[in-house]
Amino acid sequence: MQRFQKAAEKCAEKIKKCDEAIVVSHIDADGLTSAGIMCKALERLQKPYEARFAKKLDEAALKSIADSCGGRLVIFTDLGSGALATIKSLGIDAVVTDHHRPAPVEYECHMNPHLYGLNGSTEISGAGVAFLLALRLGDNVDLSTLAIVGAVGDLQDMRSNALVGVNRDILELATSRGFISYEKDIKLFGRQTRPVYKLLQYSSDPFIPGLSGCEDACIAFIEGAGVPIKTDVWRRWIDLLPDEKKTITSKLFQYCMSCGMPAHKIQRLVGEVYTLLKEEPGTELRDASEYSTLLNATARYDYADVGLAVCMGDRGEAFNYARDLLEAHRHNLVNGLNLVADKGVCRLSNLQYFNAQGEIRETIVGIIAGMSSSLDCVSRDLPIIGLAKSDGGIKVSARGNHDLILRGLNLAVALSEAAAAVGGVGGGHDIAAGATIPEGKEDEFLAILDKKIGEQLKGD
1 MQRFQKAAEK
11 CAEKIKKCDE
21 AIVVSHIDAD
31 GLTSAGIMCK
41 ALERLQKPYE
51 ARFAKKLDEA
61 ALKSIADSCG
71 GRLVIFTDLG
81 SGALATIKSL
91 GIDAVVTDHH
101 RPAPVEYECH
111 MNPHLYGLNG
121 STEISGAGVA
131 FLLALRLGDN
141 VDLSTLAIVG
151 AVGDLQDMRS
161 NALVGVNRDI
171 LELATSRGFI
181 SYEKDIKLFG
191 RQTRPVYKLL
201 QYSSDPFIPG
211 LSGCEDACIA
221 FIEGAGVPIK
231 TDVWRRWIDL
241 LPDEKKTITS
251 KLFQYCMSCG
261 MPAHKIQRLV
271 GEVYTLLKEE
281 PGTELRDASE
291 YSTLLNATAR
301 YDYADVGLAV
311 CMGDRGEAFN
321 YARDLLEAHR
331 HNLVNGLNLV
341 ADKGVCRLSN
351 LQYFNAQGEI
361 RETIVGIIAG
371 MSSSLDCVSR
381 DLPIIGLAKS
391 DGGIKVSARG
401 NHDLILRGLN
411 LAVALSEAAA
421 AVGGVGGGHD
431 IAAGATIPEG
441 KEDEFLAILD
451 KKIGEQLKGD
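Mapping of the sequence shown onto the UniProt record's numbering: position 353 corresponds to residue 353, and the numbering continues sequentially without gaps.
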(Lines of atoms letter the chains of each structure in order from A and count residues from 1; the text may use other names and numbers.)
(Lines give C-alpha, C1' and ligand atoms only; values in the text may rest on other atoms or scores of the structure.)
Protein backbone atom coordinates (compact mmCIF):
# COMPACT_ATOMS: atom_id res chain seq x y z
CA MET A 1 0.00 0.00 0.00
CA GLN A 2 2.92 2.33 0.69
CA ARG A 3 4.18 1.95 -2.89
CA PHE A 4 0.64 2.56 -4.16
CA GLN A 5 0.52 5.81 -2.18
CA LYS A 6 3.88 6.84 -3.65
CA ALA A 7 2.47 6.30 -7.13
CA ALA A 8 -0.44 8.56 -6.15
CA GLU A 9 1.98 11.27 -5.02
CA LYS A 10 3.89 11.07 -8.30
CA CYS A 11 0.70 11.36 -10.34
CA ALA A 12 -0.54 14.23 -8.17
CA GLU A 13 2.66 16.21 -8.72
CA LYS A 14 2.26 15.89 -12.47
CA ILE A 15 -1.35 17.08 -12.30
CA LYS A 16 -0.47 20.05 -10.08
CA LYS A 17 2.08 21.21 -12.65
CA CYS A 18 -0.26 21.02 -15.65
CA ASP A 19 -2.10 24.03 -17.05
CA GLU A 20 -5.10 22.18 -18.50
CA ALA A 21 -6.34 18.61 -18.51
CA ILE A 22 -8.59 16.20 -20.35
CA VAL A 23 -10.27 13.56 -18.19
CA VAL A 24 -11.09 10.38 -20.13
CA SER A 25 -13.23 7.75 -18.42
CA HIS A 26 -15.40 4.69 -18.96
CA ILE A 27 -19.18 4.65 -19.54
CA ASP A 28 -20.36 2.91 -16.39
CA ALA A 29 -21.07 3.92 -12.80
CA ASP A 30 -17.46 3.33 -11.76
CA GLY A 31 -16.21 5.35 -14.71
CA LEU A 32 -18.61 8.22 -14.05
CA THR A 33 -17.77 8.43 -10.35
CA SER A 34 -14.05 8.22 -11.22
CA ALA A 35 -14.46 11.13 -13.62
CA GLY A 36 -16.58 13.02 -11.09
CA ILE A 37 -13.88 12.68 -8.44
CA MET A 38 -11.12 13.81 -10.79
CA CYS A 39 -13.09 16.69 -12.33
CA LYS A 40 -14.13 17.99 -8.91
CA ALA A 41 -10.51 17.81 -7.70
CA LEU A 42 -9.36 19.73 -10.80
CA GLU A 43 -12.13 22.28 -10.30
CA ARG A 44 -10.97 22.88 -6.74
CA LEU A 45 -7.42 23.35 -8.04
CA GLN A 46 -8.86 25.87 -10.52
CA LYS A 47 -7.46 23.82 -13.40
CA PRO A 48 -9.42 24.04 -16.67
CA TYR A 49 -10.54 20.59 -17.80
CA GLU A 50 -12.60 18.77 -20.40
CA ALA A 51 -14.32 15.44 -19.70
CA ARG A 52 -14.67 12.71 -22.31
CA PHE A 53 -16.08 9.19 -22.13
CA ALA A 54 -15.21 6.06 -24.09
CA LYS A 55 -16.91 2.67 -24.50
CA LYS A 56 -13.48 1.18 -25.19
CA LEU A 57 -9.98 2.55 -25.41
CA ASP A 58 -8.89 1.13 -28.75
CA GLU A 59 -6.33 2.59 -31.14
CA ALA A 60 -8.92 4.72 -32.94
CA ALA A 61 -10.10 6.30 -29.68
CA LEU A 62 -6.54 6.98 -28.56
CA LYS A 63 -5.60 8.42 -31.95
CA SER A 64 -8.53 10.83 -31.64
CA ILE A 65 -7.34 11.86 -28.17
CA ALA A 66 -3.76 12.32 -29.39
CA ASP A 67 -4.90 14.46 -32.31
CA SER A 68 -7.08 16.74 -30.19
CA CYS A 69 -5.33 17.05 -26.82
CA GLY A 70 -3.27 20.04 -27.95
CA GLY A 71 -0.56 19.59 -25.36
CA ARG A 72 -3.02 19.18 -22.49
CA LEU A 73 -2.41 16.53 -19.84
CA VAL A 74 -4.70 13.52 -20.33
CA ILE A 75 -5.92 11.86 -17.13
CA PHE A 76 -7.37 8.40 -17.71
CA THR A 77 -9.72 7.16 -14.99
CA ASP A 78 -11.13 3.61 -14.79
CA LEU A 79 -9.31 2.69 -18.00
CA GLY A 80 -5.94 2.99 -19.71
CA SER A 81 -3.88 0.24 -18.08
CA GLY A 82 -4.46 -2.10 -20.99
CA ALA A 83 -3.41 0.48 -23.58
CA LEU A 84 -0.13 1.79 -22.16
CA ALA A 85 1.93 0.82 -25.22
CA THR A 86 -0.37 2.76 -27.56
CA ILE A 87 -0.52 5.74 -25.20
CA LYS A 88 3.29 5.83 -25.24
CA SER A 89 3.64 5.32 -28.99
CA LEU A 90 1.20 8.15 -29.73
CA GLY A 91 3.12 10.47 -27.43
CA ILE A 92 0.13 11.26 -25.21
CA ASP A 93 1.20 13.06 -22.03
CA ALA A 94 -0.87 11.13 -19.52
CA VAL A 95 -1.64 10.07 -15.99
CA VAL A 96 -3.28 6.63 -15.94
CA THR A 97 -5.49 5.59 -13.01
CA ASP A 98 -7.18 2.23 -13.44
CA HIS A 99 -8.04 -0.98 -11.60
CA HIS A 100 -8.29 -3.45 -14.50
CA ARG A 101 -5.45 -5.88 -15.13
CA PRO A 102 -2.59 -3.88 -16.68
CA ALA A 103 -0.53 -4.68 -19.73
CA PRO A 104 3.11 -5.57 -18.92
CA VAL A 105 4.36 -2.13 -19.96
CA GLU A 106 6.31 0.34 -17.83
CA TYR A 107 4.68 3.76 -17.55
CA GLU A 108 5.86 6.65 -15.41
CA CYS A 109 2.58 8.02 -14.01
CA HIS A 110 0.45 4.92 -13.58
CA MET A 111 -1.76 3.96 -10.64
CA ASN A 112 -3.08 0.40 -10.69
CA PRO A 113 -3.70 -1.82 -7.64
CA HIS A 114 -2.55 -4.98 -9.43
CA LEU A 115 0.97 -3.54 -9.59
CA TYR A 116 1.10 -3.52 -5.79
CA GLY A 117 -0.46 -6.85 -4.88
CA LEU A 118 -4.03 -5.58 -4.57
CA ASN A 119 -7.07 -7.06 -6.31
CA GLY A 120 -8.83 -4.57 -8.56
CA SER A 121 -11.91 -6.79 -8.74
CA THR A 122 -12.74 -6.72 -5.03
CA GLU A 123 -10.42 -4.44 -3.04
CA ILE A 124 -10.60 -1.14 -4.93
CA SER A 125 -12.55 0.22 -7.89
CA GLY A 126 -11.59 2.79 -10.49
CA ALA A 127 -13.31 5.43 -8.38
CA GLY A 128 -11.30 4.29 -5.37
CA VAL A 129 -8.05 4.72 -7.29
CA ALA A 130 -9.16 8.19 -8.45
CA PHE A 131 -10.07 9.06 -4.85
CA LEU A 132 -6.63 8.10 -3.51
CA LEU A 133 -5.15 10.41 -6.13
CA ALA A 134 -7.64 13.19 -5.27
CA LEU A 135 -6.55 13.04 -1.63
CA ARG A 136 -3.09 14.08 -2.83
CA LEU A 137 -4.58 17.02 -4.74
CA GLY A 138 -6.32 18.77 -1.86
CA ASP A 139 -9.01 18.48 0.79
CA ASN A 140 -11.24 16.04 -1.09
CA VAL A 141 -12.38 13.64 1.64
CA ASP A 142 -16.02 14.38 0.78
CA LEU A 143 -15.45 12.68 -2.58
CA SER A 144 -15.21 9.39 -0.68
CA THR A 145 -18.96 9.05 -1.24
CA LEU A 146 -18.39 8.81 -4.99
CA ALA A 147 -15.66 6.21 -4.41
CA ILE A 148 -18.15 4.06 -2.50
CA VAL A 149 -20.84 4.48 -5.17
CA GLY A 150 -18.28 3.47 -7.79
CA ALA A 151 -17.24 0.37 -5.84
CA VAL A 152 -20.85 -0.71 -5.35
CA GLY A 153 -21.61 0.01 -9.00
CA ASP A 154 -18.67 -2.23 -9.90
CA LEU A 155 -20.24 -4.95 -7.69
CA GLN A 156 -17.16 -5.08 -5.48
CA ASP A 157 -19.34 -5.83 -2.45
CA MET A 158 -20.94 -8.91 -4.01
CA ARG A 159 -18.31 -11.53 -3.21
CA SER A 160 -18.25 -10.88 0.56
CA ASN A 161 -21.66 -9.15 0.79
CA ALA A 162 -19.67 -6.15 2.05
CA LEU A 163 -16.87 -3.87 0.88
CA VAL A 164 -13.37 -5.10 1.71
CA GLY A 165 -9.73 -4.08 1.25
CA VAL A 166 -8.98 -0.47 0.32
CA ASN A 167 -12.71 0.01 -0.32
CA ARG A 168 -13.20 -0.71 3.38
CA ASP A 169 -10.60 1.86 4.35
CA ILE A 170 -12.35 4.47 2.20
CA LEU A 171 -15.70 3.49 3.72
CA GLU A 172 -14.40 3.89 7.27
CA LEU A 173 -12.94 7.29 6.37
CA ALA A 174 -16.26 8.42 4.87
CA THR A 175 -18.13 7.12 7.91
CA SER A 176 -15.80 8.86 10.37
CA ARG A 177 -16.46 12.17 8.61
CA GLY A 178 -20.23 11.74 8.62
CA PHE A 179 -20.67 11.29 4.88
CA ILE A 180 -21.87 7.68 4.88
CA SER A 181 -23.41 5.15 7.26
CA TYR A 182 -23.56 1.41 6.74
CA GLU A 183 -25.54 -1.42 8.27
CA LYS A 184 -26.68 -4.96 7.61
CA ASP A 185 -30.07 -4.85 5.93
CA ILE A 186 -32.11 -6.25 3.09
CA LYS A 187 -30.15 -5.99 -0.17
CA LEU A 188 -33.09 -5.89 -2.57
CA PHE A 189 -32.90 -2.91 -4.88
CA GLY A 190 -34.99 0.17 -4.09
CA ARG A 191 -34.84 0.56 -0.31
CA GLN A 192 -35.09 4.33 -0.61
CA THR A 193 -37.54 4.78 -3.45
CA ARG A 194 -39.77 1.76 -4.05
CA PRO A 195 -42.91 0.65 -2.19
CA VAL A 196 -42.00 -2.36 -0.04
CA TYR A 197 -43.92 -4.87 -2.15
CA LYS A 198 -42.06 -3.72 -5.27
CA LEU A 199 -38.72 -4.70 -3.72
CA LEU A 200 -40.01 -8.26 -3.89
CA GLN A 201 -41.88 -7.90 -7.18
CA TYR A 202 -38.82 -6.64 -9.07
CA SER A 203 -36.26 -8.86 -7.35
CA SER A 204 -34.22 -10.57 -10.06
CA ASP A 205 -31.00 -11.33 -8.19
CA PRO A 206 -32.06 -13.47 -6.50
CA PHE A 207 -35.24 -14.43 -8.33
CA ILE A 208 -37.86 -15.36 -5.72
CA PRO A 209 -40.28 -18.04 -6.99
CA GLY A 210 -43.90 -17.01 -6.65
CA LEU A 211 -43.01 -13.42 -5.73
CA SER A 212 -40.68 -12.00 -8.39
CA GLY A 213 -42.87 -10.55 -11.11
CA CYS A 214 -46.12 -11.13 -9.18
CA GLU A 215 -47.51 -7.89 -7.75
CA ASP A 216 -50.59 -9.36 -6.05
CA ALA A 217 -48.55 -12.14 -4.43
CA CYS A 218 -46.04 -9.61 -3.08
CA ILE A 219 -48.75 -7.42 -1.59
CA ALA A 220 -50.34 -10.49 0.01
CA PHE A 221 -46.97 -11.60 1.38
CA ILE A 222 -46.33 -8.25 3.11
CA GLU A 223 -49.87 -8.12 4.49
CA GLY A 224 -49.57 -11.74 5.62
CA ALA A 225 -46.52 -10.75 7.65
CA GLY A 226 -48.72 -8.29 9.53
CA VAL A 227 -47.00 -5.19 8.15
CA PRO A 228 -49.21 -2.37 6.80
CA ILE A 229 -48.15 -1.62 3.22
CA LYS A 230 -49.91 1.73 2.93
CA THR A 231 -50.82 4.80 4.94
CA ASP A 232 -51.79 7.75 2.75
CA VAL A 233 -49.13 6.53 0.33
CA TRP A 234 -47.33 3.25 -0.30
CA ARG A 235 -44.74 2.63 2.41
CA ARG A 236 -41.12 2.25 1.36
CA TRP A 237 -38.52 0.13 3.14
CA ILE A 238 -37.08 3.25 4.76
CA ASP A 239 -40.55 4.03 6.18
CA LEU A 240 -40.78 0.75 8.11
CA LEU A 241 -40.03 0.37 11.81
CA PRO A 242 -37.02 -1.81 12.74
CA ASP A 243 -39.30 -4.60 14.02
CA GLU A 244 -41.31 -4.51 10.80
CA LYS A 245 -38.12 -4.89 8.75
CA LYS A 246 -37.03 -7.84 10.88
CA THR A 247 -40.44 -9.49 10.50
CA ILE A 248 -40.45 -9.21 6.71
CA THR A 249 -36.83 -10.36 6.42
CA SER A 250 -37.47 -13.37 8.67
CA LYS A 251 -40.65 -14.34 6.81
CA LEU A 252 -38.83 -13.93 3.50
CA PHE A 253 -36.04 -16.27 4.59
CA GLN A 254 -38.59 -18.85 5.72
CA TYR A 255 -40.51 -18.53 2.46
CA CYS A 256 -37.40 -18.92 0.31
CA MET A 257 -36.29 -22.01 2.24
CA SER A 258 -39.76 -23.53 1.84
CA CYS A 259 -39.45 -22.95 -1.92
CA GLY A 260 -36.21 -24.90 -1.99
CA MET A 261 -34.06 -21.94 -2.99
CA PRO A 262 -30.32 -22.69 -2.73
CA ALA A 263 -28.64 -21.30 0.38
CA HIS A 264 -26.25 -19.11 -1.62
CA LYS A 265 -29.21 -17.31 -3.21
CA ILE A 266 -31.04 -16.83 0.09
CA GLN A 267 -27.89 -15.40 1.67
CA ARG A 268 -27.83 -12.66 -0.98
CA LEU A 269 -31.08 -11.25 0.39
CA VAL A 270 -29.25 -9.59 3.28
CA GLY A 271 -25.90 -7.82 3.40
CA GLU A 272 -24.17 -4.53 3.99
CA VAL A 273 -25.90 -1.44 2.58
CA TYR A 274 -24.54 2.10 2.28
CA THR A 275 -26.47 5.31 2.95
CA LEU A 276 -25.18 8.69 1.75
CA LEU A 277 -26.08 10.95 4.65
CA LYS A 278 -25.77 14.27 2.82
CA GLU A 279 -28.32 13.27 0.17
CA GLU A 280 -32.09 13.71 0.41
CA PRO A 281 -33.83 10.71 2.05
CA GLY A 282 -36.17 8.87 -0.30
CA THR A 283 -34.15 9.67 -3.43
CA GLU A 284 -31.97 7.40 -5.55
CA LEU A 285 -28.89 9.32 -4.41
CA ARG A 286 -29.36 8.35 -0.76
CA ASP A 287 -28.48 4.69 -1.42
CA ALA A 288 -25.18 3.68 -3.04
CA SER A 289 -26.75 0.89 -5.08
CA GLU A 290 -29.58 3.05 -6.41
CA TYR A 291 -27.15 5.92 -7.11
CA SER A 292 -24.91 3.64 -9.17
CA THR A 293 -27.86 2.32 -11.17
CA LEU A 294 -28.98 5.88 -11.87
CA LEU A 295 -25.50 6.63 -13.25
CA ASN A 296 -25.50 3.51 -15.42
CA ALA A 297 -28.79 4.70 -16.88
CA THR A 298 -27.08 7.84 -18.20
CA ALA A 299 -23.71 6.82 -19.60
CA ARG A 300 -24.86 3.56 -21.16
CA TYR A 301 -27.36 5.52 -23.27
CA ASP A 302 -24.91 8.17 -24.48
CA TYR A 303 -25.77 10.68 -21.74
CA ALA A 304 -22.55 10.48 -19.72
CA ASP A 305 -22.56 14.27 -19.39
CA VAL A 306 -25.81 14.02 -17.41
CA GLY A 307 -24.36 11.43 -15.04
CA LEU A 308 -21.19 13.45 -14.59
CA ALA A 309 -23.24 16.54 -13.73
CA VAL A 310 -25.03 14.54 -11.02
CA CYS A 311 -21.67 13.36 -9.64
CA MET A 312 -20.50 16.98 -9.64
CA GLY A 313 -23.48 18.02 -7.52
CA ASP A 314 -26.31 18.96 -9.91
CA ARG A 315 -29.54 18.13 -8.08
CA GLY A 316 -31.81 20.01 -10.49
CA GLU A 317 -32.11 19.54 -14.24
CA ALA A 318 -29.44 16.83 -14.62
CA PHE A 319 -30.77 14.78 -11.70
CA ASN A 320 -34.34 14.94 -13.00
CA TYR A 321 -33.23 13.94 -16.49
CA ALA A 322 -31.22 11.05 -15.05
CA ARG A 323 -34.35 9.83 -13.28
CA ASP A 324 -36.22 9.78 -16.59
CA LEU A 325 -33.38 7.82 -18.17
CA LEU A 326 -33.48 5.39 -15.24
CA GLU A 327 -37.07 4.42 -16.00
CA ALA A 328 -36.14 3.56 -19.59
CA HIS A 329 -33.07 1.66 -18.36
CA ARG A 330 -35.15 -0.49 -16.01
CA HIS A 331 -37.54 -1.29 -18.85
CA ASN A 332 -34.66 -2.34 -21.11
CA LEU A 333 -33.15 -4.57 -18.42
CA VAL A 334 -36.46 -6.37 -17.90
CA ASN A 335 -36.85 -6.85 -21.65
CA GLY A 336 -33.28 -8.14 -21.91
CA LEU A 337 -33.76 -10.64 -19.10
CA ASN A 338 -37.01 -11.82 -20.64
CA LEU A 339 -35.19 -12.32 -23.96
CA VAL A 340 -32.58 -14.53 -22.31
CA ALA A 341 -35.25 -16.42 -20.36
CA ASP A 342 -37.34 -17.01 -23.51
CA LYS A 343 -34.48 -18.02 -25.81
CA GLY A 344 -32.38 -19.79 -23.20
CA VAL A 345 -28.62 -20.18 -23.30
CA CYS A 346 -26.30 -22.41 -25.33
CA ARG A 347 -23.85 -24.57 -23.41
CA LEU A 348 -20.34 -25.60 -24.36
CA SER A 349 -18.10 -27.74 -22.15
CA ASN A 350 -16.88 -24.88 -19.95
CA LEU A 351 -19.16 -21.91 -20.62
CA GLN A 352 -22.72 -20.91 -21.43
CA TYR A 353 -23.70 -18.06 -23.71
CA PHE A 354 -26.49 -16.10 -25.33
CA ASN A 355 -26.24 -14.09 -28.53
CA ALA A 356 -28.59 -11.12 -28.40
CA GLN A 357 -27.65 -9.98 -31.93
CA GLY A 358 -29.13 -6.46 -32.09
CA GLU A 359 -31.94 -7.07 -29.59
CA ILE A 360 -29.96 -5.92 -26.54
CA ARG A 361 -27.96 -2.73 -26.51
CA GLU A 362 -24.22 -3.48 -26.38
CA THR A 363 -23.76 -1.14 -23.43
CA ILE A 364 -26.09 -3.16 -21.17
CA VAL A 365 -25.40 -6.73 -22.33
CA GLY A 366 -22.89 -7.11 -19.47
CA ILE A 367 -25.46 -6.02 -16.88
CA ILE A 368 -27.97 -8.49 -18.28
CA ALA A 369 -25.35 -11.25 -18.34
CA GLY A 370 -24.71 -10.62 -14.64
CA MET A 371 -28.41 -10.49 -13.75
CA SER A 372 -29.17 -13.63 -15.78
CA SER A 373 -27.51 -15.78 -13.11
CA SER A 374 -30.86 -15.68 -11.31
CA LEU A 375 -32.68 -17.32 -14.24
CA ASP A 376 -33.52 -21.03 -14.15
CA CYS A 377 -31.95 -21.54 -17.59
CA VAL A 378 -28.55 -20.28 -16.40
CA SER A 379 -26.18 -22.50 -14.40
CA ARG A 380 -23.92 -21.16 -11.66
CA ASP A 381 -21.42 -23.89 -12.48
CA LEU A 382 -20.31 -22.15 -15.69
CA PRO A 383 -19.44 -18.55 -16.57
CA ILE A 384 -22.08 -16.75 -18.63
CA ILE A 385 -21.10 -15.00 -21.86
CA GLY A 386 -23.31 -12.41 -23.57
CA LEU A 387 -22.83 -11.23 -27.16
CA ALA A 388 -24.40 -8.24 -28.89
CA LYS A 389 -23.84 -6.28 -32.07
CA SER A 390 -21.84 -3.07 -31.82
CA ASP A 391 -20.54 -0.47 -34.25
CA GLY A 392 -17.06 -1.95 -34.13
CA GLY A 393 -18.03 -5.62 -34.43
CA ILE A 394 -19.38 -7.90 -31.72
CA LYS A 395 -19.38 -6.87 -28.06
CA VAL A 396 -18.70 -9.71 -25.63
CA SER A 397 -19.40 -9.52 -21.90
CA ALA A 398 -18.52 -12.32 -19.49
CA ARG A 399 -19.48 -12.86 -15.86
CA GLY A 400 -18.34 -15.46 -13.34
CA ASN A 401 -18.90 -15.98 -9.62
CA HIS A 402 -16.82 -16.46 -6.49
CA ASP A 403 -16.96 -20.26 -6.62
CA LEU A 404 -15.58 -20.27 -10.16
CA ILE A 405 -12.81 -17.85 -9.19
CA LEU A 406 -11.76 -20.21 -6.39
CA ARG A 407 -11.54 -22.97 -9.00
CA GLY A 408 -9.13 -20.88 -11.09
CA LEU A 409 -11.35 -18.86 -13.44
CA ASN A 410 -9.82 -15.62 -14.71
CA LEU A 411 -12.08 -14.09 -17.34
CA ALA A 412 -9.74 -11.14 -17.96
CA VAL A 413 -6.98 -13.47 -19.14
CA ALA A 414 -9.29 -15.85 -21.00
CA LEU A 415 -11.12 -13.11 -22.92
CA SER A 416 -7.94 -11.20 -23.69
CA GLU A 417 -6.26 -14.26 -25.19
CA ALA A 418 -9.34 -15.58 -27.02
CA ALA A 419 -10.15 -12.16 -28.49
CA ALA A 420 -6.57 -11.63 -29.64
CA ALA A 421 -6.66 -15.01 -31.39
CA VAL A 422 -9.50 -13.84 -33.66
CA GLY A 423 -8.25 -10.28 -34.19
CA GLY A 424 -10.10 -8.61 -31.33
CA VAL A 425 -9.24 -7.07 -27.97
CA GLY A 426 -10.38 -7.91 -24.45
CA GLY A 427 -9.65 -7.58 -20.76
CA GLY A 428 -11.15 -6.68 -17.38
CA HIS A 429 -11.26 -8.61 -14.10
CA ASP A 430 -11.16 -12.25 -13.08
CA ILE A 431 -14.89 -12.24 -12.29
CA ALA A 432 -16.09 -9.87 -15.04
CA ALA A 433 -14.50 -9.05 -18.38
CA GLY A 434 -15.31 -7.85 -21.86
CA ALA A 435 -14.05 -7.98 -25.43
CA THR A 436 -14.76 -6.74 -28.93
CA ILE A 437 -14.29 -9.21 -31.77
CA PRO A 438 -14.82 -9.02 -35.55
CA GLU A 439 -18.29 -9.95 -36.79
CA GLY A 440 -18.36 -13.48 -38.15
CA LYS A 441 -15.77 -14.72 -35.67
CA GLU A 442 -18.23 -15.55 -32.89
CA ASP A 443 -18.10 -19.35 -33.16
CA GLU A 444 -14.31 -19.45 -33.46
CA PHE A 445 -13.97 -17.09 -30.50
CA LEU A 446 -16.35 -19.11 -28.31
CA ALA A 447 -14.53 -22.35 -29.12
CA ILE A 448 -11.17 -20.82 -28.16
CA LEU A 449 -12.65 -19.23 -25.04
CA ASP A 450 -14.26 -22.52 -24.02
CA LYS A 451 -10.88 -24.25 -24.26
CA LYS A 452 -9.05 -21.55 -22.29
CA ILE A 453 -11.64 -21.52 -19.51
CA GLY A 454 -11.43 -25.32 -19.40
CA GLU A 455 -7.67 -25.09 -18.92
CA GLN A 456 -8.18 -22.64 -16.04
CA LEU A 457 -10.71 -24.88 -14.32
CA LYS A 458 -8.96 -28.20 -14.96
CA GLY A 459 -7.38 -28.16 -11.50
CA ASP A 460 -10.84 -28.45 -9.95
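We put the CB at the ideal spot given by N, CA and C, even for glycine.
Residue range 29-44 is occupied by the alpha helix (DSSP H) that includes leucine 42. Runs of the alpha helix (DSSP H) lying entirely within the UniProt domain "DHHA1" (361-454) and spanning at least 4 residues, in chain order: 365-371, 402-406 and 411-421. Non-local C-beta neighbours of alanine 388 in its own chain, meaning closer than 6 Å and more than five positions away in sequence, comprise Ala356, Ile360, Glu362, Val365 and Lys395, ordered along the chain. In the structure shown, aspartate 287 falls within a strand segment according to DSSP collapsed to helix, strand and coil.
Phenylalanine 354: member of the beta strand (DSSP E) spanning 352-355, first to last residue. Here alanine 420 is actually not in contact with lysine 452; their C-beta atoms are around 11 Å apart, not less than 8 Å. Distance check between threonine 249 and each of Gly224, Asp232 and Thr231 places Gly224 closest, using alpha-carbon atoms only. Ranked by Cα distance from lysine 458, the first of Ser68, Asp443 and Gly408 is Gly408. Of all C-beta pairs linking the region 296-312 to the region 15-33, three or more are shorter than 8 Å, placing the two stretches in contact. Along the length of the region 80-155, whole beta strand (DSSP E) runs at least 3 residues long occupy 94-97, reported in chain order. Bounds of any beta strand (DSSP E) do not take in alanine 318; it lies within the alpha helix (DSSP H) bounded by 317-343. Look at tyrosine 255 here: in three-state DSSP terms it is helix. The region 239-255 makes no contact with the region 141-159, as fewer than three CB pairs between them are under 8 Å.
DSSP, read as helix, strand or coil, puts valine 227 in coil.
Between leucine 62 and alanine 35, the C-beta spacing is not below 9 Å. In this structure, the CA atom of arginine 191 is about 25 Å from the CA atom of asparagine 401. In summary, glutamate 284 is buried, with 16 or more beta-carbon neighbours lying within 10 Å of its beta-carbon over all protein chains present. Around the Cβ of histidine 264, a 10 Å sphere holds fewer than 16 other Cβ atoms; the residue is exposed. Burial is judged here by how many other beta carbons sit within 10 angstroms of a residue's own beta carbon; aspartate 78 has at least 16 and is buried.
Ranked by Cα distance from threonine 436, the first of Glu59, Val233 and Arg52 is Glu59. If you check the CB distance, glycine 128 and valine 166 come in under 9 Å. Annotation: the continuous alpha helix (DSSP H) that includes lysine 6 extends over 2-17. Closest by C-alpha distance to serine 416, out of Thr86, Pro102 and Leu90, is Pro102. A check of alpha carbon separations from serine 374 across Leu32, Ile405, Asn338 and Ile186 identifies Asn338 as the nearest.
Exclusion of the five residues before and after glutamine 267 leaves Asn161 as the residues of its chain whose Cβ lies within less than 8 Å of its Cβ. Boundaries of the alpha helix (DSSP H) harbouring glutamate 172: 166-176, taken from the DSSP string.
Counting C-beta pairs closer than 8 Å gives fewer than three between the region 40-55 and the region 93-107, which falls short of the contact rule.
The secondary-structure analysis by DSSP pairs arginine 236 across a beta bridge with Pro195. For glutamate 280, there is no enclosing beta strand (DSSP E), as DSSP gives it neither H nor E.
By the Cβ-count criterion, arginine 315 is exposed, with fewer than 16 other Cβ atoms from all chains shown falling within 10 Å of its own Cβ. Residue nearest to valine 422 within the set His429, Glu442 and Ile170 is Glu442 (criterion: CA-CA distance).
By the Cβ neighbour-count rule, leucine 294 is buried, with 16 or more other Cβ atoms within 10 Å of its own. In the structure shown, the three-state DSSP call for glycine 271 is strand. Cβ neighbours of lysine 17 within its own chain (closer than 6 Å, five residues either side excluded): none. Taking 9 Å as the cut-off, the beta carbon of proline 281 is found no closer than this to the beta carbon of tryptophan 234. Contact between cysteine 311 and leucine 32 holds, since their C-beta atoms are separated by about 6 Å, short of 8 Å.
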